[in-house]
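Trainee: Here it is, the structure, as structure tokens.
Protein chains: 2
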Amino acid sequence: MISWKNLNTLASYEKLAALKGRVNLAEAMSGEGGAKRVAEYAAPMAGGLAYNYAAKAVDGEVLDALQALADEAQLTEKYDALLGGEIINTGEKRRVLHQLTRGQQAGAVVVDGVDKRAFYVSQQQKAAEFARKVHSGEIANAAGEKFTTVVQIGIGGSDLGPRAMYLALEQWAKQNNTLKLEARFISNVDPDDAASVLKSIDVAHSLFVLVSKSGTTLETLTNEAFVKDALKNAGLDASKHMVAVTSETSPLASSSDYLAAFFMDDFIGGRYSSTSCVGGVVLSLAFGPEVFARFLEGAAQADATAKEKDIRKNPAMLDALIGVYERNVLGYPATAVLPYSQALSRFPAHLQQLDMESNGKSVNRFGEPIDYVTGPVIFGEPGTNGQHSFYQLLHQGTDIIPLQFVGFRKNQAGMDVDIQGSTSQQKLCANVAAQIMAFACGKADDNPNKAFAGGRPSSIIIGDQLTPEALGALLSHFENKVMFQGFCWNVNSFDQEGVQLGKVLAKRVLAHDTDGALKAYSELLDI
Amino acid sequence: MISWKNLNTLASYEKLAALKGRVNLAEAMSGEGGAKRVAEYAAPMAGGLAYNYAAKAVDGEVLDALQALADEAQLTEKYDALLGGEIINTGEKRRVLHQLTRGQQAGAVVVDGVDKRAFYVSQQQKAAEFARKVHSGEIANAAGEKFTTVVQIGIGGSDLGPRAMYLALEQWAKQNNTLKLEARFISNVDPDDAASVLKSIDVAHSLFVLVSKSGTTLETLTNEAFVKDALKNAGLDASKHMVAVTSETSPLASSSDYLAAFFMDDFIGGRYSSTSCVGGVVLSLAFGPEVFARFLEGAAQADATAKEKDIRKNPAMLDALIGVYERNVLGYPATAVLPYSQALSRFPAHLQQLDMESNGKSVNRFGEPIDYVTGPVIFGEPGTNGQHSFYQLLHQGTDIIPLQFVGFRKNQAGMDVDIQGSTSQQKLCANVAAQIMAFACGKADDNPNKAFAGGRPSSIIIGDQLTPEALGALLSHFENKVMFQGFCWNVNSFDQEGVQLGKVLAKRVLAHDTDGALKAYSELLDI
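From first to last, the protein sequence lines are chains S and Z. Here the first sequence is numbered in numbering that gives the first Met the number 0, starting from 0 and rising by one per residue. Here the second sequence is numbered in numbering that gives the first Met the number 0, starting from 0 and rising by one per residue.
Now the structure itself:
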């Protein structure tokens, strides 16, 4: 029997809170004790990755307390319930089924007579077949020429995740001769976004993927009109250049405006939709369906690992619990995501949505106000770039910001250069290793301006190379981490009521139905 | 006589702190009182911009207290001292002269017999002449063909600022037929960064701008070697494709490896160098020297506005003071920068460096530990994209995050579409107006999950269009805001000792001179 309780009502949380300040990270990571931690505080992940938490302020006792919290909060039981199709998204009274989009998940969730796993898989197969026809030229432009570019039109989860995934594998795909179409993305309602993309592509050889679950997203429909204008001005038939990704009940579903339509449903939240056809159509077109299947396989393996009850063998759950400890017990306000991989340049922006939109809540899943902090601010840029930017504050600022590093032994593009006795890849990896230690241990100095207090915790996910499988595992790791944190905080991680008010007010502005300050701002902005 | 004192030793700060919670923002912004605030709480800026702070939790009394703080902390006197060439960067015993790079600043700072303003201007003129020769074809590739692309190689301040400025004006320049060369940027030591850029350009028609003040930045020299390899492999003479931007004392200054060299010096911090030749060479090449001169003009005008002692007429100083009030009195941990302009997509990343590297400090300018918080975490993405991402947490999360909006009445690219009775630009502007009000006033609802507490403060900088002058004014506004905040916190905003330890440890890793945990991480990463 699952019971949903607020974090601060759990006995195990009280015990955890009593351990505050127990671990002196700088001391723990010094000397051979530090080396021992690096060897021991590691958990294998799917996709050939490993989660290393040696530089987190935990020890055996804290880990035991976190295990007790995981057990008392029934984290894996709640995950099982989610996988089994329970109404976990209580606010919207919806199931949460994005794990089923990986396709590999055993078991069936049947809703209104439909096996949802089979449904999601069928849409991905449809996307795969469509992509193969585009690649072969069977589906081509009016002149019978192959498409060379795919442009995703979507915003939020229809943009950030798929875009981050595309950028993550673009160089890998080039190097492995599997980049079939270049992908571009239009998201912002700012007309300069669409204009910029349209000016940079050859529309006659471009295929547009319109992504909106409801079929009513203002930005996306506006940008669709923008693109249709451009196609028309180029003398092209827009319906031969566009496909839709939407729900079966949306106005786009059966429109003749599209070459094809691919479906998701209300059980796939936008920020969790990269493995559904929201990501599947554009990524299958860009890289080929086989690459997308490998990406799903990595995610599915990570989903399986997340079922493990032992936190030391369940990196997503452990990462979540350490995050709760840092946020609620230690009081840290933000988390930085720092991939030492240029390919992951937009992965932090995806995680920013995933995490902040899921757990930036002030009421629990029953709609009752809660009296502890929930989701932190998430931000980040790739290393080593960030080192030359905001790391100053991370090292010597007045707040402690926990850090999430990611690093790979090999680069993707297969080009490198040896300077001063080391390759660029070695320099990149040396920097991330050095940073972990600089943050953890610091350095004394007679000049306080050159002293580093240390005690700044981090973890690192290490892989051999950023492959499709590794990327899928990385994506799933963070999805499941966010889910487990939501369970701990007893919030509904799958709705987003906080985005509604702005939409309503914007409509009033456009209808000139305003007064007071809103009218004054509207006038200042010449609306 | 200037005296440098810690914030919490100022009598005016104690008075300010006593006003905590005085303004109920939701009430203040409701009804006609809200409209009155929008009209009154505004200050003109350079470049045709205006700073509107109606939606900040201030009133006449708080503003008076902020004015008293500005006066007691001698903010404008300290700015005057900086402009006059005093050693404001105490840690490194350096002057701070980036305002002189705008060229328009009156007065002279003479160092070792050199008029620094004349020196910076001479370098910009050199850059302008060089750019004109490239544009005319007088300077061309070995085949006598014009260069079409300029690639900046730099990291940190040599990358983020110039890149953000380029992206900010790229569409404007296209629309105004003044895009002379397309610009690209290589920064990360990750070899996939350089590989990706090199694969996407025509190296035979590319000019590379190597930017490193010291001439020793590891990432930049490594990427230079990477690029030289690529040029050599293409049968090209690298020295005919590269210029250097560096200091006169650097090893690059007189090298025959470059077509030309342009100089800055130690008085221009990297994050403050966009208006020096660090930004000047690439931006003059990309847009033409006339556009760069207009950008400088906007910055210079904003610098002049920042001398004003009345905070109501000095937006940079007022913005700084409100930020100190929010950070130190109200205890808010972070600030989000939210430009409703796709052209400003990387402006938040530049501000992240500018702000966090300048004021992420725990010791005062005399090297003494301080006992109050300094620089906050800075993050952001363009609107409306962010609305579909992390705004959930901003609206309904447990922390209050102050917001800095930016909006323009007109777009840049001159393309737009009318859908459902409004243009995209109107939709964009309607959204930012709506968001300000949603954050400030919130909305009651019987369902707490759909209720918005409001009381979430924001300001907005509004302009007619993002022109070169407006961009210059925007850049200077934030540079001067950060400077004034540094004065309030009594920190040195112009050094960055926090980046040193990581560099030292990375060198040890590459030299295999490690033990303990550092060695263990190095082995995990196959270094």
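Beta carbons: idealized from backbone N, C-alpha and C, even for Gly.
Of the choices Leu62/Z, Thr89/Z, Tyr520/Z, Leu24/Z, whose alpha-carbon is the least far from that of methionine 11/Z?
Mentor: On the second sequence, residue 11/Z is found 12 positions in, with the first residue counted as 1. The question names methionine, but residue 11/Z in the sequence shown is serine. Taking only the C-alpha atoms, the option nearest serine 11/Z is Leu62/Z.
Trainee: For lysine 442/Z, which beta-bridge partners are listed by DSSP?
Mentor: Within the second sequence, the letter at position 443 stands for residue 442/Z. Phe451/Z.
Trainee: Check the DSSP bridge columns for glutamate 181/S and list the partner residues they point to.
Mentor: Here residue 181/S corresponds to residue number 182 of the first sequence, with the count starting at 1. According to DSSP, which records beta bridges pairwise, glutamate 181/S is partnered with Thr148/S.
Trainee: List the residues of chain S whose Cβ lies closer than 9 Å to the Cβ of cysteine 487/Z, in chain order.
Mentor: Your numbering for residue 487/Z matches position 488 in the second sequence. Annotation: cysteine 487/Z has no Cβ neighbours in chain S at a cutoff of 9 Å; minimum Cβ distance is about 14 Å.
Trainee: On the premise that isoleucine 200/Z lies in contact with valine 242/Z, defined as a C-beta separation below 8 Å, what is that separation, rounded to the nearest angstrom?
Mentor: The residue given as residue 242/Z occupies position 243 in the second sequence. The residue given as residue 200/Z occupies position 201 in the second sequence. Their Cβ separation, rounded to whole angstroms, is 16 Å, which puts valine 242/Z and isoleucine 200/Z out of contact at 8 Å.
Trainee: Terminal residues of the continuous beta strand (DSSP E) containing serine 246/Z?
Mentor: Here the question's residue 246/Z lines up with position 247 in the second sequence. Where serine 246/Z is concerned, the enclosing beta strand (DSSP E) stretches over 241-246.
Trainee: Isoleucine 461/Z bridges to which residues according to DSSP?
Mentor: As a position in the second sequence, residue 461/Z is number 462, starting the count at 1. According to DSSP, isoleucine 461/Z bridges with Ala49/Z, Gly406/Z.
Trainee: Any C-beta of chain S sitting closer than 8 Å to the C-beta of glutamine 425/Z?
Mentor: One-based indexing of the second sequence puts residue 425/Z at position 426. Yes, glutamine 425/Z lies at the interface with chain S (some Cβ there is under 8 Å from its Cβ).
Trainee: Listed in chain order, which residues of the segment 434-458 of chain S have Cβ atoms closer than 7 Å to some Cβ of chain Z?
Mentor: Within the segment 434-458 of chain S, the qualifying residues are Gln434, Ile435, Met436, Ala437, Lys442, Asn446, Pro447, Asn448, Lys449, Phe451.
Trainee: Using CA coordinates, which residue listed in Val210/Z, Leu295/Z, Glu289/Z is at the minimum distance from tyrosine 257/Z?
Mentor: For the purposes of this step, residue 257/Z is taken as residue 258 along the second sequence, with counting starting at 1. The residue with the shortest Cα to Cα distance from tyrosine 257/Z is Val210/Z.
Trainee: For serine 492/S, does the count of other Cβ atoms within 10 angstroms reach 16, so buried, or fall short, so exposed?
Mentor: On the first sequence, residue 492/S is found 493 positions in, with the first residue counted as 1. By the Cβ-count criterion, serine 492/S is buried, with 16 or more other Cβ atoms from all chains shown falling within 10 Å of its own Cβ.
Trainee: Need the endpoints of the beta strand (DSSP E) that tyrosine 324/Z sits in, please.
Mentor: Along the second sequence, one-based indexing puts residue 324/Z at 325. Run containing tyrosine 324/Z: none; DSSP gives neither H nor E here.
Trainee: Beta-carbon within less than 8 Å of asparagine 430/S's beta-carbon, same chain only, minus the 5 sequence neighbours each way: which residues are those?
Mentor: Along the first sequence, read from residue 1 onward, the residue named residue 430/S stands at position 431. Only Tyr339, Gly382, Thr383, Gln386 meet the Cβ criterion.
Trainee: Specify, as a first and last residue, the run of the beta strand (DSSP E) that valine 336/Z falls within.
Mentor: As a working mapping, residue 336/Z is identified with position 337 in the second sequence. In this chain, the beta strand (DSSP E) harbouring valine 336/Z covers 333-339.
Trainee: Output, in chain order, the set of chain Z residues within a Cβ distance shorter than 9 Å of glycine 414/S.
Mentor: Residue 414/S sits at position 415 when you count from the first residue of the first sequence. For the record, residue 414/S in the displayed sequence is methionine; it is not glycine. Neighbours of methionine 414/S in chain Z, taken as residues at a C-beta separation under 9 Å, are given in chain order as Pro190, Asp191, Ala193, Ala194, Leu197, Lys198, Phe225, Asp228, Ala229.
Trainee: Using a Cβ-Cβ cut-off of less than 9 Å, give me the residues of the segment 492-512 of chain Z that come near chain S, in sequence order.
Mentor: Those would be Asp494, Gln495, Glu496, Gly497, Val498, Gln499, Leu500, Gly501, Lys502, Val503, Leu504, Ala505, Lys506, Arg507, Val508, Leu509, Ala510, in chain order.
Trainee: Using a 10 Å radius around the Cβ and a threshold of 16 neighbouring Cβ atoms, would you call proline 43/S buried or exposed?
Mentor: Here residue 43/S corresponds to residue number 44 of the first sequence, with the count starting at 1. So proline 43/S ends up on the exposed side.
Trainee: Taking its Cβ as the centre, do 16 or more other Cβ atoms sit within 10 Å of asparagine 176/S, making it buried, or is it exposed?
Mentor: In the first sequence, the residue the question calls residue 176/S occupies position 177. With fewer than 16 Cβ atoms within 10 Å of its Cβ, asparagine 176/S is classed as exposed.
Trainee: With H, G and I counted as helix, E and B as strand and the rest as coil, what does DSSP make of threonine 8/S?
Mentor: Working through the first sequence from its first residue, we reach residue 8/S at position 9. Residue state, collapsed to three classes: helix.
Trainee: Quick one: using the 10 Å Cβ neighbour count with 16 as the cut-off for buried, is glycine 136/Z buried or exposed?
Mentor: Along the second sequence, one-based indexing puts residue 136/Z at 137. It counts as exposed.
Trainee: Could you list which residues in chain Z have their beta carbon closer than 7 Å to that of serine 186/S, in chain order?
Mentor: Walking along the first sequence from the start, residue 186/S turns up at place 187. Simply Asn384.
Trainee: Determine which residues of the segment 23-43 of chain S have a Cβ less than 7 Å from any Cβ of chain Z, and write them out in chain order.
Mentor: Result list: Met28, Ser29, Gly30, Glu31, Gly33, Ala34, Arg36, Val37, Ala38.
Trainee: What residues in its chain sit with their C-beta under 7 Å from that of glutamine 300/Z, if we drop five residues either side in the sequence?
Mentor: Your numbering for residue 300/Z matches position 301 in the second sequence. These residues qualify, in order along the chain: Ala45, Gly46, Ala472.
Trainee: Give the C-beta separation of glutamine 425/Z and glycine 279/Z to the nearest angstrom, bearing in mind that I take them to be a contact with Cβ-Cβ under 8 Å.
Mentor: Your numbering for residue 425/Z matches position 426 in the second sequence. Your numbering for residue 279/Z matches position 280 in the second sequence. Actually they do not touch by this definition, with Cβ atoms about 36 Å apart.
Trainee: Helix or strand or just coil, what does DSSP make of proline 250/Z?
Mentor: Locating residue 250/Z in the second sequence gives position 251, counting from the first residue. In this structure, proline 250/Z counts as coil in the three-state DSSP scheme.
Trainee: If you reduce the DSSP assignment to three classes, tell me which class alanine 17/S lands in.
Mentor: By 1-based counting over the first sequence, the position of residue 17/S is 18. The answer is coil: DSSP assigns alanine 17/S none of H, G, I, E or B.
Trainee: DSSP state of asparagine 232/Z, grouped into three classes?
Mentor: Position 233 of the second sequence, counting from 1, holds the residue named residue 232/Z. It is helical.
Trainee: Under 8 Å, Cβ to Cβ, is there at least one residue of chain S near isoleucine 321/Z?
Mentor: Within the second sequence, the letter at position 322 stands for residue 321/Z. For isoleucine 321/Z, the answer is no, since every Cβ of chain S falls outside 8 Å of its Cβ.
Trainee: Please state whether DSSP places isoleucine 310/Z in a helix, a strand or coil.
Mentor: On the second sequence, residue 310/Z is found 311 positions in, with the first residue counted as 1. DSSP places isoleucine 310/Z in helix when its eight states are reduced to three.
Trainee: With a threshold of 6 Å on Cβ separation, who are the neighbours of glycine 287/Z within its own chain once the five nearest residues in sequence on each side are excluded?
Mentor: Within the second sequence, the letter at position 288 stands for residue 287/Z. Cβ within range, chain order: Thr177, Lys179.
Trainee: Is it buried or exposed, glutamine 434/Z, if we count other Cβ atoms within 10 angstroms and call 16 or more buried?
Mentor: Walking along the second sequence from the start, residue 434/Z turns up at place 435. Glutamine 434/Z is buried by the Cβ-count criterion.
Trainee: Quick check: what's the CA-CA separation for glutamate 536/Z versus alanine 163/S?
Mentor: The structure shown does not extend to residue 536/Z, since chain Z is modelled only from 0 to 526, so the question has no answer here.
Trainee: Would you say glycine 366/Z faces chain S, with C-beta separation under 8 Å as the test?
Mentor: Position 367 of the second sequence, counted from the start, is the residue given in the question as residue 366/Z. Closer than 8 Å to some Cβ of chain S, the Cβ of glycine 366/Z qualifies, so yes.
Trainee: Could you give the uninterrupted runs of the beta strand (DSSP E) lying entirely in the segment 345-382 of chain S, keeping only those of 3 residues or more?
Mentor: The segment 345-382 of chain S contains these whole beta strand (DSSP E) runs: 376-378.
Trainee: So, are the CB atoms of methionine 355/Z and alanine 516/S less than 8 Å apart?
Mentor: Start at 1 with the first residue of the second sequence, and residue 355/Z comes out as number 356. Start at 1 with the first residue of the first sequence, and residue 516/S comes out as number 517. No, they are not a contact pair.
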